[in-house]
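So the protein sequences, as listed, match chains A and B.
Heads up: the first sequence begins at 4 in the working numbering, then just goes up one per residue.
Heads up: the second sequence begins at 4 in the working numbering, then just goes up one per residue.
Working notes for the structure below.
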Amino acid sequence: MTASVSVPLSQTQLPPEVLLDYATGAAPEPIALAVATVLALNPEQAALYQRLNALGGQLLDTIPTVPTSDEDEGLSRILARLDQEPQEAAPPEGDADAAQEQPGAAQSLASQVPFPLRSYIGADFDRVAWHSVMPGVEEHVIKTGHTGYRCFLMRIAPGKAMPRHTHKGLEFTVVLQGAYAAADHHFGVGDMEVADPQVLHKPIADSRQGCLCLAVLTAPLRLKGALGWLVNPFLRI
Amino acid sequence: MQLVMTVPWKPSMLWFRPIFGGSGVLSFERPSRGVPRVPILTADHAVDLVARVANAADRQAFSELYQYYAPRLKAYCVQRGLAPGVADELVQEAMVIVWRKAASFDASRATVSTWLFTIIRNKTIDRVRREKRPDFALADALQSDTPVEQPDSSVLLQEDILGLDKAITSLPEEQRALIQKAFYEDKSHRQIAEETGVPLGTVKSRIRLALSRLRQLVLE
């Protein structure tokens, strides 16, 4: 039995170099949140991430060691400290999330929030404070510890086209529910689009399901055309 | 029940790396001048030590883990540019987590070294950037209504252990150096491109080649 994992070189999957940044710890919090969300939705990517962690572990094994400044004293110090450090019990069999999400619980499957996002927005998409930015488009800004980037959820009605725009910086988009089409590609749940400044696109939400996505902007959007000019102040980007 | 007691490892796997630090596959070229010897630790013994910490609050087992890992965790921190004093603090904090969360360690999903790597990486992010580290839960994918095949974690671990050494050794030097730099230094692939003067597109394609090769070789 092999867990066959395909190489994600497609335009719609989490780019390997972005995954590497997450594994090494170099990705800033909003990007890390986007990557973690992909991993929660996409077991193949999660499997590759575990391999990268294993690489990190191997690095620890082969790294030229640096003695701690206090040598033996460091060990005695930490041993003395352990009395104040209660050991935690093992997590329950199965998953803690599962216990909270039994059928019959208040929230429907469709409103479930992927694990990494829960500490930011709660566990239910329907309880997020959405606000309308234009007909058929709602958004919710997510606050992270990294203030330079803009991080937000977007909920786009079925068939709705977003204003055409380009980017000053990068735009990372993760599909959480539904799908959208942009620049000849189809983005489904667990996919990630990384759009750079050269990309001029006009995403269109799936005609049946619409689209719920997480977006991270490293710099303001530039909207094109009259509609963009009108909408721009409302987007406050 | 403790997970460590039910690890589906084959005996042949237990000696995948008879002595930690022996392969040097990803090690620095820097000569280890006058560095004191640190204890050696086999992978299965490390798992056993964590189990003893979890099950019996065994301080002797904890001390053994400390003696092996503390100088490595410190090296990692120093390599990422942290002052020695801060590095010492982070090592202490990381080892306290080992004590507190030993029962959560799942030997079917990672080696102890991999676990320690994730702990110190997250500690470093927390300290240096004062940011949260959003983590994912693999179990969460099972909860989602996306019909995807769940990889068998024990199979993955076996592949990781048996294949990683081979996979990394066989990478072209430029790819290996890049991956190594990415792990050791707190730099994104974009920063690495800027610093080294290698075009961003080249950095990306090297990473893509390296990662796809890692996957392929692990599966061979």
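We treat Cβ as the ideally placed atom computed from N, Cα and C, and that holds for glycine.
Computed from a predicted structure; not experimentally measured.
Helix, strand or coil: how does DSSP classify residue i here?
i                : result
GLY88 (chain B)  : helix
SER135 (chain A) : strand
GLU20 (chain A)  : helix
THR176 (chain A) : strand
ARG158 (chain A) : strand
GLY28 (chain A)  : coil
ILE122 (chain B) : helix
ASP189 (chain B) : coil
VAL219 (chain A) : strand
HIS149 (chain A) : coil
ALA126 (chain A) : coil
MET98 (chain B)  : helix
GLY181 (chain A) : strand
ILE207 (chain A) : strand
PHE108 (chain B) : coil
VAL116 (chain A) : coil
GLU141 (chain A) : strand
TRP18 (chain B)  : Confidence in TRP18 (chain B) is poor, its pLDDT being 33 and thus under 50, which makes the residue's placement unreliable; the coordinate value appears in the next sentence. Residue state, collapsed to three classes: coil.
ALA43 (chain A)  : helix
ALA186 (chain A) : coil
In chain order, what residues of the same chain have a beta carbon less than 6 angstroms from the beta carbon of residue i, not counting five sequence neighbours either side?
i                : result
ALA49 (chain B)  : VAL115
ILE159 (chain A) : VAL140, ALA208, GLY213, CYS214
TYR72 (chain B)  : LEU119
GLU142 (chain A) : VAL136, PHE155, MET157
GLY88 (chain B)  : none
LEU55 (chain A)  : ALA26
ALA196 (chain B) : LEU203, VAL206
MET165 (chain A) : PRO206
ASN125 (chain B) : ARG136
Whose C-alpha, out of the options, is nearest the C-alpha of residue i?
i                : options                                : result
CYS216 (chain A) : A:PRO200, A:GLN201, A:GLU174           : A:GLU174
GLU188 (chain B) : B:THR127, B:TRP118, B:GLN63            : B:THR127
GLN14 (chain A)  : A:MET157, A:ASP194, A:LYS205           : A:ASP194
ASP61 (chain B)  : B:GLU92, B:ILE43, B:VAL101             : B:VAL101
PRO200 (chain A) : A:VAL192, A:VAL177, A:LYS171, A:GLY181 : A:LYS171
ARG112 (chain B) : A:VAL202, A:GLN53, A:GLU91             : A:GLN53
GLY162 (chain A) : A:VAL144, A:ARG121, A:ARG153, A:LYS205 : A:LYS205
ALA126 (chain A) : A:VAL116, A:HIS134, A:ALA132           : A:VAL116
ARG167 (chain A) : A:THR150, A:ALA185, A:VAL21            : A:ALA185
TYR69 (chain B)  : A:ASP75, A:PRO138, A:VAL202            : A:ASP75
ALA92 (chain A)  : B:ARG132, B:ARG103, B:PHE139, B:LEU93  : B:ARG103
ILE66 (chain A)  : B:ALA64, B:MET98, B:VAL81              : B:VAL81
ALA54 (chain B)  : B:LEU85, B:ALA110, B:ASP91             : B:ALA110
LEU220 (chain A) : A:HIS189, A:ASP187, A:THR150, A:GLY59  : A:THR150
ARG121 (chain A) : B:PHE139, B:GLY84, B:ASN125, B:VAL99   : B:PHE139
VAL131 (chain B) : B:ASP47, B:LYS190, B:GLU198            : B:LYS190
Which residues in the same chain have their Cβ closer than 7 angstroms to the Cβ of residue i, if we skip the five residues on either side of it in sequence?
i                : result
GLN49 (chain A)  : The displayed chain sequence assigns Ala, not Gln, to residue 49 (chain A). Excluding positions up to five away in sequence, the list reads LEU42.
ILE210 (chain B) : LEU181, HIS192
GLY181 (chain A) : ALA208, ASP209, GLN212, GLY213, CYS214, LEU215
ALA106 (chain B) : ALA57
LEU44 (chain A)  : PRO117, VAL192, GLY193
VAL197 (chain A) : PRO18, VAL21, LEU173, PHE175
LEU52 (chain B)  : ALA64, GLU67, LEU68
THR147 (chain A) : GLU32, PRO33, LEU36, CYS154
GLY77 (chain A)  : THR71
HIS188 (chain A) : GLN14, THR15
Report, in whole angstroms, the separation of the C-beta atoms of residue i and residue j, which I expect to be a contact under 8 angstroms.
i                : j                : result
PRO137 (chain B) : ALA39 (chain A)  : 4 angstroms
LEU156 (chain A) : VAL131 (chain A) : 7 angstroms
ALA57 (chain A)  : THR117 (chain B) : 5 angstroms
PRO33 (chain A)  : TYR152 (chain A) : 4 angstroms
ILE123 (chain B) : ALA97 (chain B)  : 5 angstroms
LEU51 (chain A)  : ARG218 (chain B) : 7 angstroms
Skipping 5 residues on each side, what residues in its chain have a beta carbon closer than 8 angstroms to that of residue i?
i                : result
GLU88 (chain A)  : none
ARG216 (chain B) : ALA170, SER173, LEU174, GLN178
ILE124 (chain A) : VAL116, VAL131, HIS143, ILE145, LEU156
GLU134 (chain B) : ILE128
GLN105 (chain A) : Its pLDDT being 43, under 50, GLN105 (chain A) is placed unreliably in this model, and the coordinates cannot settle the point.
ALA213 (chain B) : LEU174, GLN178, ARG179, LEU181, ILE182
GLY59 (chain A)  : ALA26, THR27
GLU198 (chain B) : LYS190
Do we get a CB-CB distance below 7 angstroms when we pair residue i with the residues of chain E?
i                : result
VAL177 (chain A) : Included in the structure are the protein chains A and B, with no chain E among them.
* Taking 8 angstroms as the threshold, find out whether the segment 66-84 of chain A comes into contact with the segment 200-219 of chain B through three or more Cβ pairs. => no
* Cβ contact check for the segment 172-190 of chain B and the segment 20-31 of chain A: 3 or more pairs under 8 angstroms -> yes
* Pair every Cβ in the segment 61-71 of chain A with every Cβ in the segment 77-85 of chain B, then say whether three or more of these pairs are closer than 8 angstroms. => yes
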